[in-house]
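Inspection log for the structure reproduced underneath, given as structure tokens.
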Amino acid sequence: TDAICSAIAYAELKKELGMNAEPVRLGEISGETQFALDSFKVEGPRFVETVANEVDNVILVDHNERQQSANDIESVRVLEVIDHHRIANFETSDPIYYRCEPVGCTATILNKMYKENGVTIRKEVAGLMLSAIISDSLLFKSPTCTEQDVAAARELAEIA
Numbered sequence: 120t121d122a123i124c125s126a127i128a129y130a131e132l133k134k135e136l137g138m139n140a141e142p143v144r145l146g147e148i149s150g151e152t153q154f155a156l157d158s159f160k161v162e163g164p165r166f167v168e169t170v171a172n173e174v175d176n177v178i179l180v181d182h183n184e185r186q187q188s189a190n191d192i193e194s195v196r197v198l199e200v201i202d203h204h205r206i207a208n209f210e211t212s213d214p215i216y217y218r219c220e221p222v223g224c225t226a227t228i229l230n231k232m233y234k235e236n237g238v239t240i241r242k243e244v245a246g247l248m249l250s251a252i253i254s255d256s257l258l259f260k261s262p263t264c265t266e267q268d269v270a271a272a273r274e275l276a277e278i279a
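Residue 120 is where the sequence shown starts when you use our numbering, and the numbers rise one by one after that.
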């Protein structure tokens, strides 16, 4: 749920900041994620297996490992990574914006980024981000869940 919902949320933030961005997904949409998308009336991202045939640059959200990315990820330039997982098997030829924080969910980081950029989170997107936090934190019971996740969830619940 975090990968899909955070891709949607970050693409929306990038658009608000003037960048042309489209969220895409690499795998199937889980039942839980589809429930969140349906609940907030948001279309799921388009499925892709490869990216180099369409774009030169990508942003990775909720992952950094090459084997978790598109099959041809090494053929494009990674501009940014927004993640909360360990860094593994990741390398770029150019410096990039890399934001990885020890929190339970990428959506928690994105909540901060919306605030840092002074961008208002739409109700539907807040609902997706909240769904991601609830899912990744296992209802706030996961050992990776932090006070930052709980605070972000409260803020997003007020919007959603």
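Built from N, CA and C at the ideal position, the CB exists for glycine as well.
* **Distance between Ile253 and Leu156 (C-alpha atoms, nearest Å)** => Taking the sequence shown and counting its residues from 1, one reaches residue 156 at position 37. Taking the sequence shown and counting its residues from 1, one reaches residue 253 at position 134. Cα-Cα distance, rounded: 14 Å.
* Asked: By DSSP, does Cys124 sit in helix, in strand, or in coil?
  -> For the purposes of this step, residue 124 is identified with residue 5 of the sequence shown, where counting begins at 1. In this structure, Cys124 counts as helix in the three-state DSSP scheme.
* **Collapsed DSSP secondary structure at Leu179 in the structure displayed** => Residue 179 sits at position 60 when you count from the first residue of the sequence shown. Residue state, collapsed to three classes: strand.
* Asked: If you draw a straight line from the alpha carbon of Ala122 to that of Val180, how long is it in whole angstroms?
  -> Indexing the sequence shown from 1 puts residue 122 at position 3. Indexing the sequence shown from 1 puts residue 180 at position 61. One C-alpha to the other measures close to 7 Å.
* Asp268 and Cys224 look like a contact to me (Cβ under 8 Å); what is the Cβ gap, rounded to whole Å? -> Along the sequence shown, read from residue 1 onward, the residue named residue 268 stands at position 149. Along the sequence shown, read from residue 1 onward, the residue named residue 224 stands at position 105. Indeed they touch by this definition, with Cβ atoms about 6 Å apart.
* Asked: Are the beta-carbon atoms of Ser125 and Leu229 separated by less than 8 Å?
  -> On the sequence shown, residue 125 is found 6 positions in, with the first residue counted as 1. On the sequence shown, residue 229 is found 110 positions in, with the first residue counted as 1. Yes, they are a contact pair.
* To do: State the Cα-Cα distance for the pair Ser139 and Glu274, rounded to the nearest angstrom.
  => For the purposes of this step, residue 139 is identified with residue 20 of the sequence shown, where counting begins at 1. For the purposes of this step, residue 274 is identified with residue 155 of the sequence shown, where counting begins at 1. Residue identity check: residue 139 is Asn in the sequence provided, not Ser. Whole-angstrom Cα-Cα distance: 27 Å.
* Asked: With distances taken between CB atoms, is the gap from Phe166 to Gly246 smaller than 8 Å?
  -> What you label residue 166 is simply residue 47 of the sequence shown in a count that begins at 1. What you label residue 246 is simply residue 127 of the sequence shown in a count that begins at 1. Going by C-beta atoms, Phe166 is not nearer than 8 Å to Gly246.
* Note down the Cα distance separating Glu266 from Asn183, rounded to an integer number of angstroms. => Within the sequence shown, numbered from 1, the residue matching residue 266 stands at position 147. Within the sequence shown, numbered from 1, the residue matching residue 183 stands at position 64. Cα to Cα, Glu266 sits roughly 24 Å from Asn183.
* Asked: Near Arg185, what residues of its chain come up, given a Cβ to Cβ distance below 8 Å and the 5 sequence neighbours on each side ignored?
  -> Taking the sequence shown and counting its residues from 1, one reaches residue 185 at position 66. Within the same chain, Arg185 has close Cβ partners Ile192, Glu193, Asn208 and Phe209.
* Residues near Ser250 in its chain [Cβ-Cβ closer than 7 Å; skip 5 each side] -> For the purposes of this step, residue 250 is identified with residue 131 of the sequence shown, where counting begins at 1. Only Thr120, Cys124 and Ala155 meet the Cβ criterion.
* Please state if the CB of Val195 and the CB of Asp213 are separated by a distance shorter than 8 Å. => Residue numbering aside, residue 213 sits at position 94 when the sequence shown is read from its first letter. Residue numbering aside, residue 195 sits at position 76 when the sequence shown is read from its first letter. No, they are not a contact pair.
* To do: Classify Lys133 as buried or exposed, calling it buried when 16 or more other Cβ atoms lie within 10 Å of its own Cβ.
  => Stepping through the sequence shown from its first residue, residue 133 is reached at position 14. Flag for Lys133 reads buried.
* DSSP beta-bridge partners for Glu274? -> For this step, residue 274 is matched to residue 155 along the sequence shown. Answer by DSSP bridge pairing: none, since Glu274 is not bridged.
* Classify Glu162 as buried or exposed, calling it buried when 16 or more other Cβ atoms lie within 10 Å of its own Cβ. => Taking the sequence shown and counting its residues from 1, one reaches residue 162 at position 43. Classification for Glu162: exposed.
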